[in-house]
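Peer 1: So the protein sequences, as listed, match chains A and B.
Position 88, counted from 1, in the first sequence is what the working numbering calls 88; the numbers after and before it change by one each time, with no gaps.
Position 45, counted from 1, in the second sequence is what the working numbering calls 45; the numbers after and before it change by one each time, with no gaps.
2 protein chains.
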Amino acid sequence: MTMDLDESQSLHLWHNAAMAQVLDNVPDLTLRQTAILLTIYLQRPPHTVRGLAAALNVTKPVITRALDTMGMMKLVARKRDPVDRRNVIIQRTVEGSLYLEKLADIISKSAGDLKS
Amino acid sequence: MTMDLDESQSLHLWHNAAMAQVLDNVPDLTLRQTAILLTIYLQRPPHTVRGLAAALNVTKPVITRALDTMGMMKLVARKRDPVDRRNVIIQRTVEGSLYLEKLADIISKSAGDLKS
DNA sequence: ATAAAATAGAACGGAAGCGAAACAAAGCAG
DNA sequence: CTGCTTTGTTTCGCTTCCGTTCTATTTTAT
């Protein structure tokens, strides 16, 4: 079974969810940061700067900066790879899980508000 | 009937859609700008700076700056209200409609990719 | 051991966002 | 007409993001 969202429903869903985040004063991640965060939490580890940069087709400094910001927010953590010490392993955090749980709730509720 | 998106599906949908926008090099609107744009296109006119600021619970300069940016992108247009010339009426544009059509397509396709 | 490659980060200048405050223009009330 | 209010914008100082380029560290190849 696939979710069937027509284009009007899609925009209303996006609108509801964006509004809810703005109104909730959710700390404002950019679209790129959001994509990075969700990749870290939804795809199988390990995650490296290089891997994320390739997955999103952006340069490595973009990932580094995003990790700086989200690291300060405690949404992700960095750790050196003990095997190959050039690599940085990006890890999930409790705070990050909570953040995404809240985001999921907002989106889910927004979908529930759609009339079709 | 309501759309039922559970929380895992919600995150995957958001992830797919965010990834698609990043990969497509869609001009990067902030969450606030997105919320403003969608409000303009999905809710009944007329739209004013004051009204949008109230709807999103942000200050008026936030709206002015967003309109500056999105106006340069041709996603919206400004017009003085002839009746009360203090007001600015925000209008839709062809380019804005196309932009949102593309966004709707991305979201709709992302939803279709969900397995439930 | 030495050179080459790979990885992540730092430095730079430029663009754009933010909140707070000040401002100009238009309408309204007396 | 003269103030007062409303509306939208501008300005200020600050922060953060961007792409590009350069650097430091580590690993690999010869």
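Glycine included, every Cβ here is placed at the ideal spot set by N, Cα and C.
(1) Name the two residues that bound the continuous beta strand (DSSP E) containing Q91 (chain B).
(2) From A35 (chain B) to P61 (chain B), what does the alpha carbon distance come to, in whole angstroms?
(3) Just curious, the alpha helix (DSSP H) that V62 (chain B) is in, first and last residue?
(4) Can you give me the start and stop residues for the alpha helix (DSSP H) that R32 (chain B) sits inside?
(5) Could you tell me whether the Cβ of S97 (chain A) comes closer than 8 Å to any Cβ of chain B?
(6) At a CB-CB cut-off below 9 Å, which residues of chain A make contact with M19 (chain B)?
(7) Measuring CA to CA, which of A:R78, A:L38 and A:L75 is closest to M19 (chain B)?
(8) At a CB distance below 8 Å, what residues from the region 71-91 of chain B approach chain A? Give them in sequence order.
(9) For R50 (chain A), which three-state DSSP category applies?
(10) Going along the chain, which residues of its own chain have a beta-carbon closer than 8 Å to the beta-carbon of G71 (chain B), five neighbours each way excluded?
(11) Compute the Euclidean distance between the alpha carbons of I106 (chain A) and G96 (chain B), then round it to the nearest angstrom.
Peer 2: Straight from the coordinates:
(1) Run containing Q91 (chain B): V88 to R92, per the beta strand (DSSP E) assignment.
(2) Using only the alpha carbons, I get a separation of about 15 Å.
(3) Unbroken alpha helix (DSSP H) run through V62 (chain B): K60 to M72.
(4) L31 to L42 is the extent of the alpha helix (DSSP H) around R32 (chain B).
(5) So, not an interface residue.
(6) Around M19 (chain B), the beta-carbon contacts reaching into chain A at under 9 Å are A35, L38, T39, A55 and L56.
(7) For the residues A:R78, A:L38 and A:L75, the minimum Cα distance to M19 (chain B) belongs to A:L38.
(8) Residues passing the 8 Å Cβ filter: none.
(9) Three-state DSSP puts R50 (chain A) in a helix.
(10) Excluding residues within five positions, the ones whose Cβ falls inside 8 Å are A77 and R78.
(11) Answer to the nearest angstrom: the Cα atoms are 26 Å apart.
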